[in-house]
Amino acid sequence: MPRGSENPFPDDDAATRGGWGRDHLRVIRDSAHFVSANLGTSLLVWLLVGIALALPAGLYLLERNLQDLSAAWDGRPGLSIYMDLGIDVAEVETLKTRLAAQAHVASVLVTLPDAALREFQAYSGLGDTLDMLSGNPLPASLRVILDSDAGASDLEALAALAGASPGVHEVVEEKTWLARVKDISTIVRRLSMVLAVLFGVGAVLVTASSVRLAIEARLEELRVQKLVGATDAQIRRPFLYFGAIYGAGGALVALMLISTTLLFIEGPLTSLFSSYGSELQLIGFDPAFLVVLLVLGGVLGVLGAVLSASQRIVALEIH
Amino acid sequence: MGYIELHGVTKRYSNGFEALRDLNVEFGAGSMTFLTGHSGAGKSTFLRMLLRLEDVTRGQLLVNGVNVTQLSKRQLPFYRRHIGAVFQDHHLLAGRSVFDNVATPLRVIGMPEKDIARRVRAALQRVGLLAKEKLLPLYLSTGEQQRVGIARAVVNRPRILLADEPTGNLDPDLSRDIMALFEQFNQVGTTVIVASHDRELIEASGRRIIELAAGRIVSDTPAMSVDMAVCDAPISTEEQWRAQGI
Numbered sequence: 001m002p003r004g005s006e007n008p009f010p011d012d013d014a015a016t017r018g019g020w021g022r023d024h025l026r027v028i029r030d031s032a033h034f035v036s037a038n039l040g041t042s043l044l045v046w047l048l049v050g051i052a053l054a055l056p057a058g059l060y061l062l063e064r065n066l067q068d069l070s071a072a073w074d075g076r077p078g079l080s081i082y083m084d085l086g087i088d089v090a091e092v093e094t095l096k097t098r099l100a101a102q103a104h105v106a107s108v109l110v111t112l113p114d115a116a117l118r119e120f121q122a123y124s125g126l127g128d129t130l131d132m133l134s135g136n137p138l139p140a141s142l143r144v145i146l147d148s149d150a151g152a153s154d155l156e157a158l159a160a161l162a163g164a165s166p167g168v169h170e171v172v173e174e175k176t177w178l179a180r181v182k183d184i185s186t187i188v189r190r191l192s193m194v195l196a197v198l199f200g201v202g203a204v205l206v207t208a209s210s211v212r213l214a215i216e217a218r219l220e221e222l223r224v225q226k227l228v229g230a231t232d233a234q235i236r237r238p239f240l241y242f243g244a245i246y247g248a249g250g251a252l253v254a255l256m257l258i259s260t261t262l263l264f265i266e267g268p269l270t271s272l273f274s275s276y277g278s279e280l281q282l283i284g285f286d287p288a289f290l291v292v293l294l295v296l297g298g299v300l301g302v303l304g305a306v307l308s309a310s311q312r313i314v315a316l317e318i319h
Numbered sequence: 320m321g322y323i324e325l326h327g328v329t330k331r332y333s334n335g336f337e338a339l340r341d342l343n344v345e346f347g348a349g350s351m352t353f354l355t356g357h358s359g360a361g362k363s364t365f366l367r368m369l370l371r372l373e374d375v376t377r378g379q380l381l382v383n384g385v386n387v388t389q390l391s392k393r394q395l396p397f398y399r400r401h402i403g404a405v406f407q408d409h410h411l412l413a414g415r416s417v418f419d420n421v422a423t424p425l426r427v428i429g430m431p432e433k434d435i436a437r438r439v440r441a442a443l444q445r446v447g448l449l450a451k452e453k454l455l456p457l458y459l460s461t462g463e464q465q466r467v468g469i470a471r472a473v474v475n476r477p478r479i480l481l482a483d484e485p486t487g488n489l490d491p492d493l494s495r496d497i498m499a500l501f502e503q504f505n506q507v508g509t510t511v512i513v514a515s516h517d518r519e520l521i522e523a524s525g526r527r528i529i530e531l532a533a534g535r536i537v538s539d540t541p542a543m544s545v546d547m548a549v550c551d552a553p554i555s556t557e558e559q560w561r562a563q564g565i
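These protein sequence lines map, in sequence, to chains A and B.
If you count by our numbering, then the first sequence holds residues 1 to 319, one letter each, in order.
If you count by our numbering, then the second sequence holds residues 320 to 565, one letter each, in order.
Written out as structure tokens, the structure reads:
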């Protein structure tokens, strides 16, 4: 509240200098005391908020690790284009040039029928049988490799372009398992966003309900405070601290739940990765993640408290 | 010019009931006045309106020249800090000690704890309850609870002291003790308004008596002597409160 002309009833400056900071310190002390004095209720609130935060936070970690996994993989999506039999090499080269000029195309490899036959003979072990054929049954083919930024729509557009080109017999889209991992990663990301919103709202509502109960338990005290000249901000203040304590405490519980889950699945995950010749390296569960989750929990808690306290305190009547 | 002035003040509730009707009255600085009348006459509404717990429907309510009906929501708490209020049902916090109850107004203004301790103990000393500062209100008699309420009302050195039926639950001896406290606090220049239906007690005081009936002033009996009127006396100051030990 501004002092002086704007406030016709100012406080005694000498008596109240530094009062704002003192009030905050006192409220923090009182709030911590209230939370510890009602430990059963506080633990329940922390657990509820913790569960609400753990699922989206855990999905976020999963999504980060899937992304990391796909980024580390050197396979890329591409196209295999099979030309008509007996087509002229010049036409194959024309198509190669045209495809190489398209966006997201990293490289185009041409395999002419003779080379294809030699490869097939070498890998299949059917060399003698193939020698008995009167001509080469294999067509010329092109292998188009896309860059890492290419999405499914780029792949489809390129396939359509190739399919419409003269002399092309068949186009096969090669969605590698990497592309599937990317799809799964996108699903997990979107799912975690939806769940983050839903469970975030849940955390806010849990805190709001708990703060509402704390307000109801202290209604008489709030009335007296209002009677002796407490501002709405002063009356609201302890409940904002409750919200912050409940939210940050819930985030701590969420961290404990996540780390317990990671410990629980570490064994089978390590085994799965080693079967693919890889080493398990979980990323994302780092100090920055801990800080962000704690701050986020605190902010959600304060939000719930604001929601609850503002409504109730505005309607506070002194009888 | 009075310290508190009401000009054509009317209070009408949303159901159409008029609790106060066209009141025109002044209270001098440092005066002590009794409001009397039957239940429902408008005494409590009058005091609640002075505290701005009720809005004024029509008219002007001036305190020290400021029209308090026009104070914003943000200014109201600062106005209330200059008023001490005592109620029949004390409004004490059952879970807080006597000390903490009395300290509430000082904590609201953000006073340092060491100053709070000094002022609270001075106020408790004044009402004779220093020895019981650590007790919960539950362990006090009704008269003692009322005195805790009075200590809380005066601990912030108010300019105005309002009391709504402060002796309502007390026997005659205790009532006289409570009234004596109000007289003491009035002597430091605090403007005191006490609502009471105890005619015998208030007539014995010799102070100004305003009688309300159906929300109107039906009589305004001046104080029996000039000393008791104390109109236009200096407004209570820090020094005067210190002289009282608070």
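Don't be surprised by glycine CBs; every beta carbon is placed ideally from N, CA and C.
The model shown is predicted, which means the values in this text are computed figures rather than measured ones.
Local conformation of R312 (chain A) per DSSP, three classes: In the first sequence, residue 312 (chain A) corresponds to position 312, counting from 1. R312 (chain A): helix per DSSP, three-state reduction.
Considering only their Cβ atoms, is the gap separating G247 (chain A) from G202 (chain A) smaller than 8 Å? Start at 1 with the first residue of the first sequence, and residue 202 (chain A) comes out as number 202. Start at 1 with the first residue of the first sequence, and residue 247 (chain A) comes out as number 247. Taking 8 Å as the Cβ cut-off, G202 (chain A) and G247 (chain A) do not qualify as a contacting pair.
Bridge partners of H326 (chain B), per DSSP? Counting from 1 along the second sequence, the entry for residue 326 (chain B) is found at position 7. Note: H326 (chain B) sits in a beta bridge opposite B:Q379.
DSSP three-state call for G21 (chain A): helix, strand or coil? Start at 1 with the first residue of the first sequence, and residue 21 (chain A) comes out as number 21. In this structure, DSSP gives G21 (chain A) a helical state, which the three-state scheme calls helix.
Looking at the structure shown, is I536 (chain B) part of a helix, part of a strand, or coil, going by DSSP? Here the question's residue 536 (chain B) lines up with position 217 in the second sequence. Three-state DSSP puts I536 (chain B) in a strand.
Would you decide whether S5 (chain A) is buried or exposed? Buried here means 16 or more other CB atoms lie within 10 Å of its CB. Looking up residue 5 (chain A) in the first sequence gives position 5. Its pLDDT being 45, under 50, S5 (chain A) is placed unreliably in this model, and the value from its coordinates should be taken loosely. It counts as exposed.
Taking the alpha-carbon of L117 (chain A) as reference, which of A:V171, A:T207, A:P137, A:S165 has the nearest alpha-carbon? The residue you call residue 117 (chain A) lines up with position 117 of the first sequence. Closest by alpha carbon: A:P137.
A321 (chain A) vs F239 (chain A) beta-carbon contact at 8 Å: Nothing can be reported for residue 321 (chain A), as the shown portion of chain A is limited to 1 through 319.
Less than 6 Å between C-beta atoms, sequence neighbours within five positions excluded: which residues of the same chain meet that for I323 (chain B)? Locating residue 323 (chain B) in the second sequence gives position 4, where the first residue counts as 1. So the list reads F346, V382, once near-sequence residues are dropped.
With 8 Å set as the bound, which would you pick, yes or no: does the beta-carbon of A552 (chain B) sit closer than that to a beta-carbon of chain A? Residue 552 (chain B) sits at position 233 when you count from the first residue of the second sequence. Confidence in A552 (chain B) is poor, its pLDDT being 46 and thus under 50, which makes the residue's placement unreliable; the coordinate value appears in the next sentence. It does not: the Cβ of A552 (chain B) has no partner Cβ on chain A nearer than 8 Å.
Taking buried to mean at least 16 other C-beta atoms within 10 Å of its own C-beta, is P491 (chain B) buried or exposed? Looking up residue 491 (chain B) in the second sequence gives position 172. That one is exposed.
Report the option in B:N334, B:T352, B:K330, B:L339 whose CA atom is closest to the CA atom of D539 (chain B). Looking up residue 539 (chain B) in the second sequence gives position 220. The shortest C-alpha to C-alpha distance from D539 (chain B) to any of B:N334, B:T352, B:K330, B:L339 is the one to B:T352.
Could you compute how far the alpha carbon of S310 (chain A) sits from the alpha carbon of R236 (chain A)? Along the first sequence, read from residue 1 onward, the residue named residue 310 (chain A) stands at position 310. Along the first sequence, read from residue 1 onward, the residue named residue 236 (chain A) stands at position 236. Counting only the Cα atoms, R236 (chain A) lies some 7 Å from S310 (chain A).
Please work out which residues of its chain come closer than 8 Å, Cβ to Cβ, to E220 (chain A), disregarding the five sequence neighbours upstream and downstream, and give them in chain order. Within the first sequence, the letter at position 220 stands for residue 220 (chain A). So the list is empty, once near-sequence residues are dropped.
Where the alpha helix (DSSP H) through L161 (chain A) begins and ends: Taking the first residue of the first sequence as position 1, residue 161 (chain A) is located at position 161. Segment 152 to 163, the alpha helix (DSSP H) holding L161 (chain A).
Would you say V306 (chain B) lies against chain A (beta-carbon separation less than 8 Å)? An answer regarding residue 306 (chain B) cannot be provided, because it is not within the stretch 320 to 565 covered by chain B.
Which same chain residues, not among the five before or five after I283 (chain A), have their C-beta less than 7 Å away from its C-beta? Working through the first sequence from its first residue, we reach residue 283 (chain A) at position 283. Excluding positions up to five away in sequence, the list reads R64, N65, D68.
Hey, does A404 (chain B) have any beta-carbon neighbour from chain A nearer than 8 Å? In the second sequence, counting from the first residue as 1, residue 404 (chain B) sits at position 85. Chain A has a Cβ within less than 8 Å of the Cβ of A404 (chain B).
I'd like to confirm the pairing. Which residues does DSSP put opposite D483 (chain B) in its beta bridges? In the second sequence, counting from the first residue as 1, residue 483 (chain B) sits at position 164. Looking at the DSSP assignment, D483 (chain B) forms a beta bridge with B:F406, B:A514.
Check the Cβ of Y398 (chain B) against every Cβ in chain A and list those closer than 7 Å, keeping chain order. For the purposes of this step, residue 398 (chain B) is taken as residue 79 along the second sequence, with counting starting at 1. Under the 7 Å cutoff, chain A gives F9.
Taking the Cβ atom as the reference point for each residue, do V474 (chain B) and V507 (chain B) lie within a distance shorter than 8 Å? In the second sequence, residue 474 (chain B) corresponds to position 155, counting from 1. In the second sequence, residue 507 (chain B) corresponds to position 188, counting from 1. Taking 8 Å as the Cβ cut-off, V474 (chain B) and V507 (chain B) do not qualify as a contacting pair.
Roughly how many angstroms separate the alpha carbons of A162 (chain A) and V108 (chain A), rounded to a whole number? Numbered from its first residue, the first sequence carries residue 162 (chain A) at position 162. Numbered from its first residue, the first sequence carries residue 108 (chain A) at position 108. Rounded to whole angstroms, A162 (chain A) to V108 (chain A) spans 12 Å at the Cα level.
As a quick exercise: from B:R535, B:R527, B:G534, pick the residue whose alpha carbon is nearest that of G349 (chain B). For this step, residue 349 (chain B) is matched to residue 30 along the second sequence. Residue B:R527 is the option with its Cα nearest to G349 (chain B).
Inter-residue CB distance, V467 (chain B) and V513 (chain B) (contact presumed, cutoff 8 Å): Residue 467 (chain B) sits at position 148 when you count from the first residue of the second sequence. Residue 513 (chain B) sits at position 194 when you count from the first residue of the second sequence. Not quite, the Cβ-Cβ distance comes to about 18 Å (not below 8 Å), so this is no contact.
Does L412 (chain B) come within less than 8 Å of chain A when only Cβ atoms are used? Walking along the second sequence from the start, residue 412 (chain B) turns up at place 93. For L412 (chain B), the answer is yes, since a Cβ of chain A falls inside 8 Å of its Cβ.
Using only alpha-carbon positions, find the residue among B:E432, B:R535, B:Q465, B:N488 that is nearest to F501 (chain B). One-based indexing of the second sequence puts residue 501 (chain B) at position 182. The shortest C-alpha separation from F501 (chain B) is found at B:Q465.
Which same chain residues, not among the five before or five after Q121 (chain A), have their C-beta less than 7 Å away from its C-beta? On the first sequence, position 121 is the one that residue 121 (chain A) refers to. Cβ neighbours of Q121 (chain A) within its own chain (closer than 7 Å, five residues either side excluded): G127, L130.
Proximal chain B residues relative to D183 (chain A), where beta-carbon distance stays under 9 Å: Residue 183 (chain A) sits at position 183 when you count from the first residue of the first sequence. Here the premise fails: no neighbours, minimum Cβ distance about 55 Å.
Counting only C-beta atoms, is T231 (chain A) closer than 8 Å to chain B at any point? Position 231 of the first sequence, counted from the first residue, corresponds to residue 231 (chain A). With 8 Å as the cut-off, T231 (chain A) counts as an interface residue toward chain B.
Unbroken stretches of the alpha helix (DSSP H), 4 residues or longer, contained in the stretch 422 to 478 of chain B: The stretch 422 to 478 of chain B is shown to contain whole alpha helix (DSSP H) runs of 4 or more residues at 432 to 445, 461 to 473, in chain order.
Determine the burial state of L294 (chain A): buried for a count of at least 16 other Cβ atoms within 10 Å of its Cβ, exposed for fewer. Residue numbering aside, residue 294 (chain A) sits at position 294 when the first sequence is read from its first letter. L294 (chain A) counts as buried, since at least 16 other C-beta atoms from the protein chains shown sit within 10 angstroms of its C-beta.
To the nearest angstrom, report how far apart M132 (chain A) and L112 (chain A) are at their CA atoms. For the purposes of this step, residue 132 (chain A) is taken as the residue at position 132 of the first sequence. For the purposes of this step, residue 112 (chain A) is taken as the residue at position 112 of the first sequence. Distance between the alpha carbons of M132 (chain A) and L112 (chain A): 20 Å.
Does T509 (chain B) come within less than 8 Å of chain A when only Cβ atoms are used? In the second sequence, the residue the question calls residue 509 (chain B) occupies position 190. Residue-level contact by beta carbon fails for T509 (chain B) and chain A, as no gap is shorter than 8 Å.
Note down, one range per segment and in chain order, each alpha helix (DSSP H) of at least 4 residues found wholly within the stretch 104 to 156 of chain A. Taking only runs of at least 4 residues, the alpha helix (DSSP H) segments lying wholly in the stretch 104 to 156 of chain A are 113 to 124, 127 to 131.
Output needed in chain order: residues of the stretch 19 to 48 of chain A with a Cβ under 7 Å from some Cβ in chain B. Cβ contacts with chain B: G19, W20, R22, D23, R26.
Which partner residues does V172 (chain A) have in the DSSP bridge list? Position 172 of the first sequence, counted from the first residue, corresponds to residue 172 (chain A). Answer is A:S80, bridged to V172 (chain A).
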